[in-house]
Structure formats: C-alpha cells, structure tokens
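Read through the structure below, which is laid out as structure tokens, and then see the notes.
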Amino acid sequence: MAKTSYEEWAKVSSNRIRPLNHLLLLSVIAIVAIAIYWASWAVLDEVTRGEGRVIPSSQIQVIQNLEGGIVEEILVKEGEVVEKGQVMIRLSGTQFTSEVKQNRLESLYLQAKIARLEAEVGGHPYQAPQMVLDEHPDFANSEAATYQIRQSELESAFEVLKAQRLQRQQELFERQANLTNLERGLELSRSEFESAQQEMAIAEKIRKIKVMPEIELVRLKRDLARLERELHSLKSEYESNQNAIPRIESTISEIERKVEGERRSFVAQASQE
Numbered sequence: 105m106a107k108t109s110y111e112e113w114a115k116v117s118s119n120r121i122r123p124l125n126h127l128l129l130l131s132v133i134a135i136v137a138i139a140i141y142w143a144s145w146a147v148l149d150e151v152t153r154g155e156g157r158v159i160p161s162s163q164i165q166v167i168q169n170l171e172g173g174i175v176e177e178i179l180v181k182e183g184e185v186v187e188k189g190q191v192m193i194r195l196s197g198t199q200f201t202s203e204v205k206q207n208r209l210e211s212l213y214l215q216a217k218i219a220r221l222e223a224e225v226g227g228h229p230y231q232a233p234q235m236v237l238d239e240h241p242d243f244a245n246s247e248a249a250t251y252q253i254r255q256s257e258l259e260s261a262f263e264v265l266k267a268q269r270l271q272r273q274q275e276l277f278e279r280q281a282n283l284t285n286l287e288r289g290l291e292l293s294r295s296e297f298e299s300a301q302q303e304m305a306i307a308e309k310i311r312k313i314k315v316m317p318e319i320e321l322v323r324l325k326r327d328l329a330r331l332e333r334e335l336h337s338l339k340s341e342y343e344s345n346q347n348a349i350p351r352i353e354s355t356i357s358e359i360e361r362k363v364e365g366e367r368r369s370f371v372a373q374a375s376q377e
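Numbering (the working numbering), first residue to last: 105 to 377.
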C-alpha cells in the first residue's frame with residue numbers, strides 16, 4: 105500500500121517536471137539565438153587606456169611626395185611623434201632612376217642637334233660633342249647624316265640656280281656679240297643703201313636723156329628696195345638685242361638674290377630649330 109502510493113507520487117511529479125524542462129531548454133536556445141543575432145549587428149565602443157599628451161593641430165604635418173613615386177617602406181605609424189630629419193617613408197628608386205636616364209638621353213640628343221644646327225648656321229663642317237660620341241654615338245651619327253642630307257639639298261638648290269645664272273650669262277654674252285655684229289652690219293647696210301640711192305639718182309637723170317636701158321633702172325630699184333628691207337630688219341634685230349640685255353641682266357641679279365635668299369632661309373630655319 106505504501107509502495108503503491110510512492111510510485112504514484114513519483115509518476116505525478118515526473119509529469120509535472122517534464123514541461124518545465126522543455127520550457128527551460130527553449131528559453132536557453134532563444135537567449136543564445138538572440139545573443140548571436142545581437143553580436144552580429146551591434147557596434148561596441150572599444151575603450152583603451154594609456155598615457156599620452158595633447159598635440160596642437162598646428163603641429164600636425166601631412167606627409168606628401170610632390171614628385172610622385174612608389175612607396176617602398178613606411179617607417180612610422182599614424183599619430184607617431186617624429187623628429188626633424190627623421191626618415192619616415194622610403195620610396196622606390198626605380199622610377200627616379202628611369203627618369204634620370206631619360207633626361208640624360210634627351211640632353212645628349214639636344215647637344216648633338218645643337219652642334220649640327222650651329223654648323224649649318226656657321227657654314228662649317230659638323231663636329232659632334234665628345235660627350236655625345238662617348239656616351240651615345242648613335243645620336244652623333246644620326247645628326248651627321250641629317251647634316252649631310254640638308255647640305256646636299258642646299259647644294260642641289262644652289263646648283264639649279266647657278267645653272268640658270270650661267271645660262272643667262274651665256275645668253276647675255278651672245279646678245280652682246282650679236283649686237284656688235286649688227287652694228288657693223290647696220291653701218292655697211294647704210295653705206296650700201298646710200299650708194300644705191302646715189303646710183304638711183306644718177307640713173308634717173310640718165311633715163312631722162314635715154315642713155316640707160318629701162319631694164320637697168322628696174323634692177324637698181326629692186327636692189328634699192330632689198331637693201332632698204334635688210335636695213336630695216338637689222339635695225340629691228342639691233343633694238344631687240346638692246347632691249348634684251350637689261351632683261352637678262354635683271355634675271356641674273358634675281359637669280360643671285362635667290363641664291364642668297366636660299367642661304368638665308370636655310371640659316372633661319374636652322375636658327376629656329
């Protein structure tokens with residue numbers, strides 16, 4: 105009897121405790137889930153205690169590299185107090201080395217070019233600076249080739265103008281020689297024409313007294329007309345040669361001015377470069 109009562113009491117107690125256990129377990133799970141969710145989204149203030157001192161904003165310096173470059177190593181931390189002259193950042197020297205080499209090449213090239221332009225302006229042979237020959241002879245060879253090409257172009261232009269001038273000078277000489285011959289021919293033609301006129305006058309008198317045949321008078325008139333035409337032709341040719349000489353001389357002067365202008369243009373172009 106007593107044993108039965110105890111078993112019943114234990115059974116009833118067990119039935120009452122089991123729901124409480126379930127409720128407690130669910131509560132713990134819920135609390136853990138809420139804690140995890142809160143931890144993933146909540147922002148906590150981190151408080152660090154230590155010794156320090158206040159630095160006025162006027163003493164804060166911003167570190168900058170005006171020339172640019174690649175940072176190879178940072179030797180200080182943000183907010184760290186540094187001393188004057190202390191190395192804080194080390195930059196890579198690759199870029200600067202490359203720029204120095206490039207500037208050196210440009211300097212050598214310009215020196216070679218300046219030497220070539222000075223030779224063109226001064227009219228003397230090209231001589232590259234010794235520094236260029238030692239460090240970069242390709243620049244010296246290139247400018248020497250350019251010098252030869254430009255000199256050849258200038259000489260070609262001069263040769264064309266010189267040939268034109270020579271041609272005009274020969275033409276002038278021929279005109280002057282022809283003019284001399286024409287002067288002699290004119291003098292002779294005038295003399296023959298005057299003689300023919302005198303002969304014609306005598307023939308007219310003789311014809312009146314019917315001593316000279318009529319056919320002879322016709323021949324004299326024909327000769328007189330021929331001499332008159334020749335004299336007129338010689339006069340025209342003489343005047344043409346006289347007028348041509350100043351034109352030829354002017355052309356020669358113009359060619360000489362072109363030669364000088366070509367030279368000045370060449371020097372001016374070299375000076376501008």
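Ideal Cβ positions, reconstructed from N, Cα and C, are used throughout, including at glycine.
Quick caveat, the model's predicted, so the values are computed rather than measured.
Own chain, CB closer than 6 Å to residue i, minus 5 neighbours either side, in chain order
i, result
"E287", "none"
"I138", "none"
"K188", "none"
Boundaries of the alpha helix (DSSP H) in which residue i is found, first to last residue
i, result
"E239", "Q234 to E239"
Cβ pair residue i, residue j closer than 8 Å
i, j, result
"L221", "M235", "no"
"P233", "Q215", "yes"
"I349", "R269", "no"
"L265", "K362", "yes"
"R272", "I359", "yes"
Proximity to residue i [Cα-Cα], best of the options
i, options, result
"S354", "E184, S299, L276 and Q255", "L276"
"F297", "D327, Q190, E366 and V185", "D327"
"A305", "E291, A244, K325 and L292", "K325"
"I352", "G289, Q274, Q301 and R361", "Q274"
"Y342", "E278, V204, V225 and I359", "E278"
"R323", "E182, Y141, A300 and R208", "A300"
"E239", "K205, K181 and V132", "K205"
"F243", "G226, R208 and G227", "R208"
Same chain, Cβ closer than 7 Å to residue i, neighbours up to 5 away in sequence not counted
i, result
"I178", "I193"
"Q163", "Note that Q163 scores 49 on pLDDT, short of 50, meaning its location in the model is unreliable; the coordinates nonetheless yield the value given after this. Excluding sequence neighbours, Q163 sits near nothing in its chain."
"A261", "E366"
"K217", "E247"
"V191", "L179"
"R254", "E224"
"I140", "none"
Rounded C-alpha distance that separates residue i from residue j
i, j, result
"Q231", "E263", "25 Å"
"L267", "A281", "Reading off the sequence shown, one finds Ala at residue 267, where the question assumed Leu. Looking at the two C-alpha atoms, the distance is approximately 21 Å."
"S402", "R368", "Here the chain has residues from 105 to 377 only, and residue 402 is not among them."
"R330", "H336", "10 Å"
"E210", "A219", "14 Å"
"I135", "V186", "50 Å"
"K309", "R333", "25 Å"
"E364", "L292", "46 Å"
"S344", "N285", "14 Å"
"L130", "E182", "49 Å"
"S256", "A249", "11 Å"
"G154", "E184", "Confidence in G154 is poor, its pLDDT being 49 and thus under 50, which makes the residue's placement too unreliable to answer from."
"E203", "G226", "34 Å"
"W142", "I133", "14 Å"
Close Cβ partners of residue i (< 8 Å) along its chain, the five nearest in sequence each way excluded
i, result
"A223", "P229, Y230, Q231 and Y251"
"L128", "none"
"N347", "none"
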